[in-house]
Amino acid sequence: MLTLLVLSGIALLWLVRMLWRLKRRVDDLLLSRAQLRVALKPVAEWHEKGGCFSREDFDGTC
Numbered sequence: 000m001l002t003l004l005v006l007s008g009i010a011l012l013w014l015v016r017m018l019w020r021l022k023r024r025v026d027d028l029l030l031s032r033a034q035l036r037v038a039l040k041p042v043a044e045w046h047e048k049g050g051c052f053s054r055e056d057f058d059g060t061c
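Numbering-wise, the sequence shown is residues 0 to 61 according to numbering that gives the first Met the number 0.
Dropping the structure here:
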């Protein structure tokens, strides 16, 4: 009985640890997306104004 209780406790601690790691990874991913969105905002505004993503000409004319 005591062995089962100890193993259950270890399994519970392992599960909490895995969930904590998953939460940290999701938080990091969401932060990275937010940082990328802020970094690409000028590019998105430029494209909305008619900018061209062509490699041949970067002067905004397509």
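C-beta: ideal position from N, C-alpha, C; glycine also.
It should be emphasised that the depicted structure is a prediction, and the values quoted were computed from it without experimental measurement.
Distance, Cα to Cα, Leu30 vs Glu47?
25 Å
Can you look up Lys48 in the DSSP assignment and give me helix, strand or coil?
coil
Just the C-alpha distance for Ala38 and Trp13, rounded to the nearest angstrom, thanks.
37 Å
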